[in-house]
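Residue numbers for the sequence shown follow this note's numbering, so the first one is 7 and each next one is one higher.
Backbone N, C-alpha and C define an ideal beta-carbon position, used for all residues, glycine too.
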Amino acid sequence: MPTREGRLPAIVTWVAGVVALAVTILLPAGYFSLGYEHLAATIQTKVDIKSELISQMIAAHPRTWKFQDYRLEELLLRHPAQPEDEFIVIFDRENNTVMRTGRPVASPALTRIADLFDSGVKVGRLEIRRSVRALALETALVALLGAALGGAVFIVLRAFPLRALREVTEALFREKERAQVTLHSIGDAVITTDTEERIEYMNPVAEGLTGWKLAEVRGRALSEVFKLVNEVTNQPLESPVRKVIAERRIVPLENHTALVRRDGELVSIEDSAAPIPDA
């Protein structure tokens with residue numbers, strides 16, 4: 007079963023990958039979205055302005071407006087000027103082409119349409135079509151930049167946390183090693199348990215005192231290994247762990263306390279039990 011320390015590098019890598027992927031996708035997507043909205047707004051404003059001007063001209067020349075090529079061309083080419091990738095067409099009521107400027111634009115393109123009126127009656131329409139290939143090309147370049155930036159983000163977000171994690175893990179390992187050396191070296195017997203009184207650790211002195219090996223008792227109930235009795239009355243004594251957990255303080259063992267070793271021999275002992283707070 008993987009440990010928490012073993013899962014952390016995988017979690018860090020996963021988070022770094024998600025952030026890098028978001029940067030890689032969102033940067034070009036955001037650029038294209040903003041560019042598309044700007045282009046659409048520009049064309050919509052242009053078609054609204056020019057359709058209003060043409061409608062005014064139609065109102066002034068209701069019968070001959072379709073034949074005033076010079077005047078229509080002037081209105082179409084008036085500011086805002088027509089870019090090379092834009093195609094403008096004026097249609098009459100019967101959908102016949104009256105005037106067009108520029109060259110037909112291939113897909114993908116953005117089209118906006120506005121009706122032309124004479125005294126409130128629709129007499130034609132204006133259509134402006136502009137290519138989005140330039141925006142698509144710019145977005146592709148931004149996508150390459152986003153991929154490079156995403157890769158850099160992945161490296162940074164993965165490398166620095168993992169380096170810090172390795173340093174913390176190594177420090178914890180050294181601390182654990184020092185604690186184990188200390189517990190192995192002292193002359194007192196030491197047994198540690200969890201809050202359910204299951205044995206987690208015994209030092210060599212405790213192994214010699216109880217007659218049990220750590221490998222045999224790890225995870226077993228303390229009462230199976232650390233059996234206490236009153237050496238005068240031979241009556242069993244309560245486990246100090248329960249009292250320690252309840253009172254959350256160091257609890258000394260009762261007088262005349264004896265340990266029943268694995269082989270049944272009674273050994274007089276003097277010691278105490280202490281809580282280990284926090285996690």
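Give the straight-line distance between the Cα atoms of residue i and residue j, rounded to the nearest whole angstrom.
i, j, result
"E181", "L40", "54 Å"
"V18", "A120", "54 Å"
"T201", "S245", "12 Å"
"P281", "S274", "23 Å"
"P15", "P283", "28 Å"
"L272", "E260", "15 Å"
"L143", "K128", "38 Å"
"V6", "R226", "Nothing in the structure corresponds to residue 6, since the chain is present only between 7 and 285."
"L82", "A165", "58 Å"
"V250", "G214", "25 Å"
"A177", "L171", "10 Å"
"G108", "P114", "17 Å"
"I94", "L116", "12 Å"
"L150", "Y42", "19 Å"
"L32", "I96", "39 Å"
"E230", "V223", "9 Å"
"G156", "R13", "23 Å"
Hey, would you say residue i sits closer than 8 Å to residue j, going by beta carbons?
i, j, result
"A26", "F160", "yes"
"P34", "T145", "yes"
"F269", "G217", "A quick correction: the sequence has Asp, not Phe, at residue 269. Against a cut-off of 8 Å, the Cβ pair of G217 and D269 comes out as a contact."
"E92", "I134", "yes"
"L132", "I64", "no"
"R136", "V53", "no"
"T263", "L234", "yes"
"L45", "L141", "yes"
"V247", "L265", "no"
For a test of the three-state rule: what should DSSP assign to residue i, helix, strand or coil?
i, result
"M7", "Legend: pLDDT at M7 = 41, less than 50; position of this residue unreliable, no value from coordinates given."
"T201", "coil"
"P110", "coil"
"R118", "strand"
"P242", "strand"
"R135", "strand"
"F179", "helix"
"S191", "helix"
"D269", "coil"
"P258", "strand"
"A252", "helix"
"T263", "strand"
"I17", "helix"
"G214", "helix"
"I51", "According to the sequence provided, residue 51 is Thr. The question's Ile does not apply to it. T51 falls in the helix class under three-state DSSP."
"T70", "coil"
"V104", "strand"
Span of the beta strand (DSSP E) holding residue i?
i, result
"S274", "L272 to S274"
"D277", "No beta strand (DSSP E) holds D277; DSSP gives it neither H nor E."
"V95", "E92 to D98"
Within 10 Å of its beta-carbon, does residue i have 16 or more other beta-carbons around it, so buried, or fewer, so exposed?
i, result
"W71", "buried"
"R169", "exposed"
"F232", "buried"
"A185", "exposed"
"V162", "exposed"
"T199", "buried"
"S57", "buried"
"M7", "Residue placement at M7 cannot be trusted, given a pLDDT of 41 that sits under 50; the coordinates are not used to answer."
"G36", "exposed"
"A28", "exposed"
"I197", "buried"
Which residues bound the alpha helix (DSSP H) around residue i?
i, result
"A221", "L220 to V223"
"E237", "Unbroken run through E237: none, as it is neither H nor E."
"S229", "L228 to V231"
Of all Cβ atoms in chain D, is any one closer than 8 Å to the Cβ of residue i?
i, result
"L116", "Protein chains in the displayed structure number just one, and chain D is not present."
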